[in-house]
Structures are given as C-alpha cells and as structure tokens.
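Chemist: Residue numbers (this note's numbering): 754 to 1500.
Every residue gets a Cβ at the ideal spot worked out from N, C-alpha and C, and that includes glycine.
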Amino acid sequence: MSRVNVLADVVAFKEESSTISPARNGTVQIKARVLTAATPVKIVIPSDASGVVAIYAAIVDQPIAVYLGDSEELVLDLGRESEYVGIVLDFDGGVLEYDYEKIYPSDWSENLRASLNTQLRIALVEFWRNTSIAISLCAYVAALTKKNPEFSLLNTQAVALGQQLAGQVIEGPEMKYAPVLVPSRYENTARAIIDAAAAFQEQYERFEDKEESLENHIKAWQTMLSQATGVSEMHKTQRDIAMAKYKNAQETTEHCLRQFKNEGDALVLVQYQFEQGLEMWVIEQKFQAALQIVTAVFSFAVSIGTLVMGNPGGGSGAADAAGRAVKAVQDAERISDQVGKILSSNTLKKLADAINALSNLIPLVLIIVDAVEKFEMDNTIEIPSTDDISGSKIGNADATTIVTLAAWDKWILDVDQQIAFAVENNIDGASDYQLALRKHGINGKQLAQAQAETIKAGYEYVQAQMEVIVSQKQIEELQALLEDYEGQEERYLQAKTIFYDRAMALRTSIVIVLRDMAWAYRYWALAESSISLDAQKSLADYRSDLATILTEVDNVDSQWASDFQPFEYPEHSESLPADYGPSLTAGLLGGEHTGSFTLLPEGDLANVFSEGSHYRLNGLDATLDGALPNSDSAHDGKVWLKLQITTSGIYADIKEDGRVLYFRSLPQVRRCSYDLDMNGNRLNTRDDPSFETKDHAEPTPFTQWKIKVLNPEDLNLEGLKGVKLLWEGRVRYDEVHRRRQQVEELE
C-alpha cells in the first residue's frame, strides 16, 4: 500500500481541472495552510480508482469541487468560514464516501516537523513585515500541533508568536509599549548584539562555503558553537527582561481591574434611579425604540463588566445576556416613526466580540507563562497546547477580521449620545447614569488595553524563554554532531540548519532592541521612527538603522525654537472632570483609603491640559484638604502625613495635529509626605513627589491616577473636603494647535 504526503504552506492549482489518482488502495494526503487558484477548481478522481485522498487546509480562496469519474460534484466545505479543517475521501468501485474532520490527525513524522519548523521560520520573518500572514502561519502550526505531544514545543512557539501579534492587532496602531529609559540608553546593547551577529555571520559564511577544507569547516563549526554558547547568556538576560515586563503588565492590569470593578459597582447604584425615571417613556409611543435601547444598555453594561473581569461563574451567562442586549437593539432598530435611536446594534456587537476575544486569551497566557517558566528546570512539565491565536476562529485565519479596541471608543461615544437624549428629555437619574457610564467605558477601555499588553508581554516572555530552551537544545545537538565529524553530508546539512537558526535568533535580538529604541523614540517625540523592522536585513542595514534612530533622537529638539516650557498648575479635586472630585474624596474616606481619577487628552477629560502637546510631568503633589491629625498620634503639635501616588501604567498624549497616541509603560509609584499641624495646615514637605529625571521618561498626565493614605490611623478625615493638587512639568505649545482648540470650542 503506497502513501504520498504533500506538505506545503501554499498549494496552488494551476489548471482548472486536476486529476489525483493514488496507487491501488493507496493514500494521498495533502496538508497545506492555503489552497489557492485563479479560478474555481475541479479535482477529478478516476472512476476505477480505489484508495483514499485526504485534504487539509485552513484557507481556501476558490471553490473546490471533487468528482469521481462522471459523478455529481462534491463541493468541499473547507476554509475560513468552515467548522472543518479537512476531508477524507474514500473511493472504491465507483462509489465515493467522505467524512469531514474538525481536528487535524495526530500523526507525525520528521518531514512534518521540518515543514512546520519552516513555516515557523517564515512566521518569524513575517512577524515584522506582515501581521496577517504571520498570524495565519502561527494559527496553522498551532492547530496541527495542538493534539500531538511530539510537537508540544512547536505549539508553544507558534502560540507565543501569534498571540503577541493578535494582542497588537486588538490594541490597534495607536497603542505601543514605551520603554522607561531614554532612547540613547539602548545604544550600547544594540551595538554589542550587531557585533556578535557580525562575528557569527563571518564564521557561518566560511562554514557554508563548500570550497573550504574540512579542517576550516570544523574550525568554523567550533567557533560558532563557542559563540552560540556565549550568546545564550544574552538570551537569558532578554528572557529576564521580558519576565519583568510581563509582571509589570500584570500589575497594570490588576490596577485597572480594581478601578473598573469600583466604577461598575457605582454604575449599578445609579442605574436604579434612572430606571425609575424611564417609566414616563412607557406611555410615549414615539420613545419605544429609545426605551428599548436604553434598557438594553443596562443589561449590556453589566454583562460586559462581568466578561471583562473574567468572572468564572458568570462568564457564560454574561455572554448570553450581552447577546440578548444586541438582539434587543436590533429589534428596536426596526421600529418605525421613532425619535432618539442613536446607539446601533453593530456598536454593541463589535464591543462584545472584542471583549470575548480578550476573555478567551487572558486566562491561557497566565497558565502558559507559568508552565514555560517551570519547564526550563523540569522538562516533564506539560505546557498546555492550544490552537487559539486571536480569540476567534475566523480571526485565526484572517487577522483583518479581528475586532480592535476602537470598539470601546465607538461604544463610549454612541452610548453617551444615547443617554444624552434622556438627559435632554429631563429623565430623572439620566445625568448621573451618563457620568457613571462614561467612567465605566473609560476604565473599561484602559483595562482592555492593559489586558492586551499583558497578552503581548506574556508571550514575549514565552518566546524569549523558548529561545533559551531551544538554543540550549541546539547547542547540545551541535556538540553531538561534531563528534567524529568527517565531512558527512547529512551531518553537515543538519548543522547548517541549526546554525541558520542561531543566526536568525541573533538577528531577531537586533530587531527587538531596535524596536525598543523606536518605541522609546515614539514616546519621546510623539512621532514614528523612519526605520523599518525586518529580521532579514543585512548587518550593514542594521548599523544604518541604529545610526538613523540616534540621529532622529538628536534632531527632535531641533524642530522647536526653544526648550519645553515649564508649567505649574494648582487645582482642587472638586474641579476634576466627569464628577471625579467627589468620587476621589469618597475613595479616600472608604475602607482602603484610596481614591482615583482618570484624565484623557480628548474633550473635557483633558482637564487643565487642553491647549498644548507633549505634556510631561515632573510629578503630582497632593495635599488633603480638611484632614486633621489624630491627637493621639501627634508629636510636637504635628503629624507626619504619608500619601502614595501611583499611575496605572497606561498613558496617552496628544500630537500637534490632535492625534492621540497611547502607551503602556511601568506604573509610577511615588511617595508624597508632609507635616500636618493641629489646624490642618501643611508644613514642611518630607517626601517631594515632583522631581526632574535624567535617564527615565517622565509620565504624561493622561492616565489613571490613584492616591492612597498610607497612615490613616494617624489622621482624622471626618472633615475631608477633597484634595489640593499641584501639577508640575513641561509642555510644548503650538500656535496652530491652540487656534484649532478655540475653533472646536466655538463649534
């Protein structure tokens, strides 16, 4: 019995009709990520043939029909929209039977391993060039390796690459990581890696040259082996940096999660009064659609809150409730002769899809990171396998279908306008609900941004850790192959493939450092670097890219006639936008003695930061207004009042043209403390939270701020009126920007 296996990334049918005729009782199996053709395809199996043809594909871009002789056509149900990954066709005596497959077979071979490794190499290259192709490749490799323990490490590598990209797509192009150091601090690291890659490349070219003697091949082999061993320490350092980044992303997510929960609880409290006020709309026929939409908003807002927070008990019910809310709005859209229909069902559906994707991805990254961290010390640890790259099946095959976090922006805008209609109609409780829902949306988006960054950071660590594991494994393989090497062609080709992987790993390390520099420059200049990230550039190109980005950093200030202009803005928390003042005070008086507020660059949420760009803070100083010492804690007529001021780690800033950019970086944690006399007056400052930095990037004001009283037992907060805030920092003012702001206000 013969068997023919066709393994490829893309199989192209050049002719409209193709004949597949296995040997008698033989098998032909085709496994490809993509089946493509210029026109619909006919696959003809001779009527007298007997055997099996199995076809597996993730993407089919033309209809494929199978014929057994002159029989009726069987149009294959495969591709992006299908629930099936393959079909097995069994034919004998002119009779065709078939079964669709929902999972790939768990068979394995070294040829399949080599094919999947090649596809991963392509994905690593496309990681920097073409997100959609890279995600598709990773999803395909993950699907083929999910149920096969022989390929568990391949599965982990594919998921690590793919979910980083999926998180990037979900975030959208405006969101990037912001390294905490100024761009120039990464220069030495970049030069060191480029030099190491150049030394390795020189030896690789000697080894690749068939004209070189066996002795020189062995010398080059030994040198590269030594270099690879040395570079493995660098990979461990990158792994450790990635883990620190992941932990910081988790911290940011936890911070945003707590704030989102608090705002969600507040939303439920004000909802009841609004519901009572809506009773007057029940008898108004022209308001039936608006009433139905607003009622759906109640359910939808609570449901997405449950989904975003990953409530294991309520997740399924919340998803169903969100679906019912979407259906209710769809029904309302069909009611004629109505006023006040603003929020669309599509807005709700897209937001639900975005939240569901993150809800599917977040739990898995936590488990995989934990398993991969342990695997280096104990290779019997089982790393969970998955075939989910984007959080949705269709997104795995087509990244353009992944719903981005822009769905939150659309929801915030549309639902605000929908509730504004109720406010304009003087519905009792509408105004309070509108404010609470606005905060709910703002904090929901920040949480979603933090979750997407956690996914990216987690799998960046997994990729770095897998590089450490794989490099050590390959070094051991190279040492074994070198023993008794006498020019055997098979050993030579095996070694050459491994050395190619080591060379690509060095190039990837170069691109990662250049990417970090480009991200740091983006935060520094609010502009994109002109360098393009590509793992297949020449080393000369990498040196040129490094010089380019350093020149861009040097030239940032030359675009302006002067340095940043310093500012000092005092204000009281009562003047904070969106009713954040009272909620900040309430939080400080609560059990955790912690209050928070959020600023954004757009509209009234910009607060006092509305006329400039490139806002950078030396810090935020805070004074509790109305706080008094606890008499039992006072010494010499005063008490030491201690505050902790933190940011969420999700930042935004606004360019001169009004475009808003988002960043994820480390949360800022600063101590603010001062002496407080018995009359509540602030005396000398003990810990000043405002100071200039030299090597670190300063935060923007557009983030989520949290103020916590560290020693409430020493204070009497019964008369707390709020917080006096003092913002200190630097800003750029642009005449055109200021004029545009004034025009927008007039409009």
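Do A1173 and L1104 count as a contact pair if the criterion is CB distance below 8 Å?
Modeler: The sequence position of residue 1104 within the sequence shown is 351, counting from 1. The sequence position of residue 1173 within the sequence shown is 420, counting from 1. Not in contact: L1104 and A1173 (Cβ atoms no closer than 8 Å).
Chemist: With distances taken from CA atoms, which of S1401, T1376 and K1102 is nearest P1323?
Modeler: Your numbering for residue 1323 matches position 570 in the sequence shown. The shortest Cα separation from P1323 among S1401, T1376 and K1102 belongs to T1376.
Chemist: Just the Cα atoms here: how many angstroms apart are L872 and L934?
Modeler: In the sequence shown, counting from the first residue as 1, residue 872 sits at position 119. In the sequence shown, counting from the first residue as 1, residue 934 sits at position 181. Just to set this straight, residue 872 is Gln in the shown sequence, not Leu. Cα to Cα, the separation comes out at about 35 Å.
Chemist: How many Å lie between F1051 and D1374 at the Cα?
Modeler: Position 298 of the sequence shown, counted from the first residue, corresponds to residue 1051. Position 621 of the sequence shown, counted from the first residue, corresponds to residue 1374. Going from the Cα of F1051 to the Cα of D1374 covers about 38 Å.
Chemist: Quick check on V750: does DSSP put it in helix, strand or coil?
Modeler: Only positions 754 to 1500 of the chain appear in the structure, and residue 750 is not among them; the question remains open.
Chemist: Identify whether G846 lies in helix, strand or coil by the three-state DSSP scheme.
Modeler: As a working mapping, residue 846 is identified with position 93 in the sequence shown. Three-state result, G846: coil.
Chemist: What would DSSP say about G839, mapped onto helix, strand or coil?
Modeler: Your numbering for residue 839 matches position 86 in the sequence shown. Strand.
Chemist: With a Cβ-Cβ cutoff of 8 Å, do Q956 and M977 count as a contact?
Modeler: Position 203 of the sequence shown, counting from 1, holds the residue named residue 956. Position 224 of the sequence shown, counting from 1, holds the residue named residue 977. Yes.
Chemist: Closer than 8 Å is the cut-off here; do at least three beta carbon pairs connect the stretch 1283-1290 with the stretch 998-1012?
Modeler: No: the two stretches stay apart, fewer than three of their Cβ pairs being nearer than 8 Å.
Chemist: Which residues does DSSP pair with I875 in a beta bridge?
Modeler: For the purposes of this step, residue 875 is taken as residue 122 along the sequence shown, with counting starting at 1. Note: I875 sits in no beta bridge, so no partner.
Chemist: Less than 8 Å between the C-beta atoms of L1044 and L1031, yes or no?
Modeler: Stepping through the sequence shown from its first residue, residue 1044 is reached at position 291. Stepping through the sequence shown from its first residue, residue 1031 is reached at position 278. Cβ atoms of L1044 and L1031: closer than 8 Å.
Chemist: How about Q1397 and R1424: are their beta carbons less than 8 Å apart?
Modeler: In the sequence shown, counting from the first residue as 1, residue 1397 sits at position 644. In the sequence shown, counting from the first residue as 1, residue 1424 sits at position 671. Closer than 8 Å, so yes.
Chemist: Got a sec, what are the start and stop residues for the alpha helix (DSSP H) M1219 sits in?
Modeler: Residue 1219 sits at position 466 when you count from the first residue of the sequence shown. Element bounds for M1219: A1183 to L1235.
Chemist: Is the beta carbon of I1263 closer than 8 Å to that of I946?
Modeler: Residue 946 sits at position 193 when you count from the first residue of the sequence shown. Residue 1263 sits at position 510 when you count from the first residue of the sequence shown. In contact: I946 and I1263 (Cβ atoms closer than 8 Å).
Chemist: Quick check on the DSSP output: the beta strand (DSSP E) that includes L1370 runs from which residue to which?
Modeler: In the sequence shown, counting from the first residue as 1, residue 1370 sits at position 617. Note, L1370: beta strand (DSSP E), S1366 to D1378.
Chemist: Along the chain, where does the beta strand (DSSP E) that runs through T772 open and close?
Modeler: Stepping through the sequence shown from its first residue, residue 772 is reached at position 19. Counting along the chain, the beta strand (DSSP E) containing T772 begins and ends at S770 to T772.
Chemist: Rounded to a whole number of angstroms, what is the C-alpha to C-alpha distance between V1413 and Y1274?
Modeler: As a working note, residue 1413 is residue 660 in the sequence shown. As a working note, residue 1274 is residue 521 in the sequence shown. Cα-Cα distance, rounded: 16 Å.
Chemist: CB-CB under 6 Å to L869, same chain, minus the five flanking residues each way: which ones, in chain order?
Modeler: In the sequence shown, counting from the first residue as 1, residue 869 sits at position 116. Correct list, in chain order: V894 and L907.
Chemist: Would you report the Cα separation of D1357 and T1351, rounded to the nearest angstrom?
Modeler: Residue mapping note: residue 1357 aligns to position 604 of the sequence shown, counting from 1. Residue mapping note: residue 1351 aligns to position 598 of the sequence shown, counting from 1. Computed Cα separation, rounded: 11 Å.
Chemist: If you draw a straight line from the alpha carbon of G1411 to that of A811, how long is it in whole angstroms?
Modeler: Residue numbering aside, residue 1411 sits at position 658 when the sequence shown is read from its first letter. Residue numbering aside, residue 811 sits at position 58 when the sequence shown is read from its first letter. Roughly 41 Å between the two C-alpha positions.
Chemist: Provide the residue span of the beta strand (DSSP E) that contains P1319, from first to last.
Modeler: Locating residue 1319 in the sequence shown gives position 566, counting from the first residue. Looking at the DSSP string, the run of the beta strand (DSSP E) that includes P1319 is Q1318 to H1325.
Chemist: Straight-line CA distance for D845 to S803?
Modeler: Within the sequence shown, the letter at position 92 stands for residue 845. Within the sequence shown, the letter at position 50 stands for residue 803. Each residue's Cα considered, the two are about 4 Å apart.
Chemist: Under three-state DSSP, which class holds R1087?
Modeler: Here the question's residue 1087 lines up with position 334 in the sequence shown. In the structure shown, R1087 sits in coil (DSSP, three-state: anything other than H, G, I, E or B).
Chemist: Quick check: the Cα distance between S862 and Q782, rounded to an integer number of angstroms?
Modeler: For the purposes of this step, residue 862 is taken as residue 109 along the sequence shown, with counting starting at 1. For the purposes of this step, residue 782 is taken as residue 29 along the sequence shown, with counting starting at 1. If you take the alpha carbons of S862 and Q782, they lie about 13 Å apart.
Chemist: Near G847, which residues of its chain fall below 6 Å by C-beta distance, leaving aside the five closest residues on each side in sequence?
Modeler: Here residue 847 refers to the residue found at position 94 when the sequence shown is read from its first residue. Once the five neighbours on either side are set aside, the close Cβ partners of G847 are S800.
Chemist: DSSP state of E1355, grouped into three classes?
Modeler: For this step, residue 1355 is matched to residue 602 along the sequence shown. Residue state, collapsed to three classes: coil.
Chemist: What does a CB cutoff of less than 8 Å around S905 pick up in its chain, not counting 5 residues either side in sequence?
Modeler: As a working note, residue 905 is residue 152 in the sequence shown. Cβ neighbours of S905 beyond the five flanking positions: T898, E1135, I1136 and S1138.
Chemist: Can you check which of these residues, N1099, N1109 and H1388, is closest to L1060 by C-alpha distance?
Modeler: The residue you call residue 1060 lines up with position 307 of the sequence shown. Minimum Cα distance to L1060 is reached at N1109.
Chemist: Check the C-beta distance from L1394 over to Y1427 and give it rounded, since I have them as a contact under 8 Å.
Modeler: Along the sequence shown, read from residue 1 onward, the residue named residue 1394 stands at position 641. Along the sequence shown, read from residue 1 onward, the residue named residue 1427 stands at position 674. Between Y1427 and L1394 the Cβ distance is about 6 Å, and since that is below 8 Å, they are a contact.
Chemist: Within 10 angstroms of its Cβ, does A728 collect 16 or more other Cβ (buried), or is it exposed?
Modeler: In the structure as shown, the chain begins at 754 and stops at 1500. Residue 728 is therefore absent and cannot be evaluated.
Chemist: Out of A1049, S771, G1182 and P1454, which one is the CA nearest neighbour of Q1026?
Modeler: On the sequence shown, residue 1026 is found 273 positions in, with the first residue counted as 1. Looking at the Cα atoms, G1182 is the closest of the given residues.
Chemist: Who are the Cβ neighbours of A864 in its own chain at under 8 Å, not counting the five residues just before and after it?
Modeler: The residue given as residue 864 occupies position 111 in the sequence shown. The amino acid occupying residue 864 in the given sequence is Asn; Ala does not appear at that position. Excluding positions up to five away in sequence, the list reads N758 and L760.
Chemist: Which residue from M996, S774 and A1288 puts its Cα closest to that of Q1505?
Modeler: Since the first residue of the chain shown is 754 and the last is 1500, residue 1505 is not available in this structure.
Chemist: If we ignore side chains and look at the alpha-carbon of each, how far apart do S771 and R1244 end up?
Modeler: Locating residue 771 in the sequence shown gives position 18, counting from the first residue. Locating residue 1244 in the sequence shown gives position 491, counting from the first residue. Going from the Cα of S771 to the Cα of R1244 covers about 39 Å.
Chemist: How would you write the range of the alpha helix (DSSP H) that S1426 sits in, first residue to last?
Modeler: Position 673 of the sequence shown holds residue 1426. Unbroken run through S1426 is the beta strand (DSSP E), V1422 to D1430; no alpha helix (DSSP H).
Chemist: Here's the rule I'm using: 16 or more other beta-carbon atoms within 10 Å means buried, otherwise exposed. How should G1504 be labelled?
Modeler: What the structure shows of the chain is the stretch from 754 to 1500, and residue 1504 is not part of that stretch, so it cannot be assessed.
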